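Taking it in order: structure first as structure tokens, then the write-up.
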Amino acid sequence: MVKWLLAVLLILVLLEVFRAQFAKLGLGRLPGDFRFKHKGR
398 MVKWLLAVLL ILVLLEVFRA QFAKLGLGRL PGDFRFKHKG R
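Position one of the sequence shown corresponds to residue 398 (our numbering), numbered consecutively onward.
Set out below in structure tokens:
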């Protein structure tokens, strides 16, 4: 079970690190997704 948790954590960290590159390719957003900006972020 610990191996599964570590694997999932590692995958989530990698996805977060490469999120900017995924956004350039148009991945990560679906039609109808909402985006909220808070204080310019």
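Even for Gly, the Cβ is constructed at its ideal location relative to N, Cα and C.
Predicted model, so just to flag it, every value in this text is computed and none were measured.
message: Taking a contact to mean a Cβ-Cβ separation below 9 Å, would you say F419 touches L412 in this structure?
response: yes
query: Taking the C-alpha atoms as reference points, what is the distance between L402 and V410?
result: 12 Å
field: Rounded separation between L407 and M398 - CA only
entry: 14 Å
- prompt: Is K436 helix, strand or coil when you go by DSSP?
  reply: coil
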